[in-house]
Structures are given as C-alpha cells and as structure tokens.
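The structure appears below as structure tokens.
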Amino acid sequence: MMALLMGGVVSVSAQKAERKHVREGNDLYKTEKYTEAEIAYRKALDVNPRSVEGTYNLGNSLYKQQKFEDAAAQYQLLAGQEAKLKETPEGRARLAEVYHNVGNVCMQAKDYAKSVEAYKQSLRLNPKDDETRYNLALAQKLLNDQQQQQQDQNQQQNQDQQQNQDKQEQQQQQQQPQQDNQQNKTQEEQQPNEQMSQDNAQQMLDAFLQDEKDTQEKVKKAQQQKQQSRKTEKQW
Numbered sequence: 082m083m084a085l086l087m088g089g090v091v092s093v094s095a096q097k098a099e100r101k102h103v104r105e106g107n108d109l110y111k112t113e114k115y116t117e118a119e120i121a122y123r124k125a126l127d128v129n130p131r132s133v134e135g136t137y138n139l140g141n142s143l144y145k146q147q148k149f150e151d152a153a154a155q156y157q158l159l160a161g162q163e164a165k166l167k168e169t170p171e172g173r174a175r176l177a178e179v180y181h182n183v184g185n186v187c188m189q190a191k192d193y194a195k196s197v198e199a200y201k202q203s204l205r206l207n208p209k210d211d212e213t214r215y216n217l218a219l220a221q222k223l224l225n226d227q228q229q230q231q232q233d234q235n236q237q238q239n240q241d242q243q244q245n246q247d248k249q250e251q252q253q254q255q256q257q258p259q260q261d262n263q264q265n266k267t268q269e270e271q272q273p274n275e276q277m278s279q280d281n282a283q284q285m286l287d288a289f290l291q292d293e294k295d296t297q298e299k300v301k302k303a304q305q306q307k308q309q310s311r312k313t314e315k316q317w
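The sequence shown begins at 82 in the numbering used here and counts up by one.
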C-alpha cells in the first residue's frame with residue numbers, strides 16, 4: 082500500500098514537473114526565444130520521454146532554429162505513436178500538425194516527393210486545413226518542375242554526348258585522308274629506293290658481264306696472236 086501511494090505521489094509530481102517545463106517552453110516560444118524554449122522542452126522530456134506535447138513543441142522550436150534534421154527526428158517520434166494518437170480527436174489533430182510540419186521540413190530540403198506525401202497524410206487526418214492544402218499544391222508544382230528540369234538535364238546531357246561522339250567521328254574522318262596521304266607518301270619514297278637498288282644491282286651485273294666479256298675478248302685475242310706466231314714460225 083505504501084509503495085502504491087509513493088508511486089502515485091511520484092507520478093503526480095512528475096506530471097506537474099512536465100507541465101511546468103512545457104508551459105515555460107511555450108512562454109519562451111511565444112516571445113521567439115527558441116533556444117531557451119528548446120531547453121525547457123527537453124527538461125519536460127527528461128521527466129516524461131513520451132510526452133506528446135513536449136516532443137511536438139521541441140520539434141517546433143528546433144524547426145524555428147533551422148535545425149531541420151533534428152526537428153524531423155522529433156516529428157518522426159510522434160509519427161511512431163500514430164495508432165495511439167488516432168484514438169482521440171485531439172490526437173488526430175496533433176498528428177495532422179506533425180505531418181504538416183514534416184512536409185515543411187522536406188520542402189526546406191527540396192525533397193518535394195516526401196513533402197507531397199506528408200501533406201497528403203496531414204490532409205487525410207484534417208481535410209479542412211487550407212494551409213496544408215496550399216502547401217500540397219505548391220509542393221506538387223515544385224516536384225513537377227524538379228522532374229521536368231531533371232528530364233531537360235538528362236536530354237541535354239544526351240545531346241552533349243551525341244555531339245561529342247559526332248565530333249570525334251568527324252575528326253577521325255578528317256584524320257584518315259591525312260594518314261592515307263602520309264602512307265602513300267611513304268610508299269612513294271620507298272619505291273625510288275627500291276628502284277635505285279634494282280638499278281644498282283643491274284649496273285653491277287652489267288659491269289660484271291662487261292668485265293667478263295672484255296676478259297674473254299682479251300683471251301681470244303691472245304690466242305689468235307699465239308696462233309699467228311706459230312704459223313709464222315712454220316713458214317720459216
């Protein structure tokens with residue numbers, strides 16, 4: 082009995098401390114002291130880590146300080162309690178605000194696809210929220226523009242690649258006649274050398290044959306002289 086009484090006293094005391102820190106944070110938030118408000122909300126969460134109001138308001142104070150990733154983390158914690166929050170009208174309204182703010186965070190990050198989905202989830206919970214409906218229309222337009230821009234970039238990239246390929250092919254076609262001319266020139270230069278070599282060989286052969294012919298004529302002439310000499314001796 083004493084343990085139960087002590088537990089009840091601690092629970093009531095914790096709830097009072099949580100509400101006290103949340104109220105302090107709200108007062109600071111209204112005067113745009115977002116850093117001080119963040120501290121107060123964190124104190125409330127130290128007392129009750131599952132405080133819906135403390136988590137939501139902490140996310141808002143972080144968002145105001147442009148700590149978008151930290152703010153998104155707080156909103157995701159609340160999204161994890163979706164089933165519980167949907168049980169009451171107040172919880173559904175709070176969850177709709179959570180998804181609305183998630184959409185805003187995604188808009189800041191230019192992740193328009195996720196922002197569109199977040200705004201749609203918000204409107205499913207609160208179809209009468211005109212601000213969310215306006216943000217959804219804006220996010221859809223920005224998403225379409227982003228996709229169109231990406232398509233244009235891809236098309237331009239493909240055109241640039243095709244132009245580069247055509248340019249390379251054109252350069253190769255221009256270089257081919259030059260290579261052919263250079264090859265023909267080399268062949269022409271080689272042909273006279275080959276002709277000269279053939280001419281030299283022919284000249285050497287002709288010279289050798291001429292020497293051989295001269296030698297034979299000299300031998301023949303010498304033999305004739307010798308025969309004449311013999312005839313002369315005989316006559317004597």
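Backbone N, C-alpha and C define an ideal beta-carbon position, used for all residues, glycine too.
Assigned exposure category for residue i - 16 Cβ within 10 Å defines buried
i: A220; result: buried
i: N235; result: exposed
i: S132; result: buried
i: G161; result: exposed
i: M285; result: exposed
i: S203; result: buried
i: N265; result: exposed
i: Q216; result: The residue you asked about is not Gln; residue 216 is Asn in the sequence shown. By the 10 Å Cβ count, N216 comes out buried.
i: L290; result: exposed
i: A194; result: exposed
i: E113; result: exposed
Coil, strand or helix - residue i by DSSP
i: E168; result: coil
i: A190; result: coil
i: M83; result: Because the pLDDT at M83 is just 47, under 50, the model does not fix this residue reliably, and the point stays unresolved.
i: N207; result: coil
i: F213; result: The identity of residue 213 in the sequence shown is Thr, whereas the question assumes Phe. Note: T213 maps to helix in three-state DSSP.
i: V91; result: Reliability fails at V91, whose pLDDT of 45 lies under 50, so the model's placement of it is uncertain and no value is given.
Element boundaries [alpha helix (DSSP H), containing residue i]
i: Q155; result: 149-160
i: E134; result: 133-145
i: E119; result: 115-128
Distance, residue j Cα to residue i Cα
i: G184; j: Q232; result: 24 Å
i: N138; j: D226; result: 33 Å
i: G88; j: L176; result: Since pLDDT at G88 reaches only 44, below the 50 mark, its modelled position is unreliable, and the value read off the structure follows with that caveat. Going by the C-alpha atoms only, they are around 31 Å apart.
i: Y122; j: R214; result: 29 Å
i: V93; j: K111; result: 27 Å
i: R205; j: Q242; result: 46 Å
i: A98; j: V128; result: 7 Å
i: Q253; j: Q263; result: 15 Å
i: L143; j: E119; result: 7 Å
i: K148; j: Q238; result: 35 Å
i: P130; j: N245; result: 60 Å
i: Q189; j: L109; result: 24 Å
i: H102; j: T136; result: 12 Å
i: K67; j: A125; result: Because the chain in this structure spans residues 82 to 317, residue 67 falls outside the shown range and cannot be described.
i: Q256; j: Q240; result: 24 Å
i: D261; j: K191; result: 57 Å
i: G172; j: K222; result: 30 Å
Residue i beta carbon near the ligand NAP (any heavy atom closer than 8 Å)
i: Q254; result: With respect to the ligand NAP, the structure offers nothing, as it holds no ligand at all.
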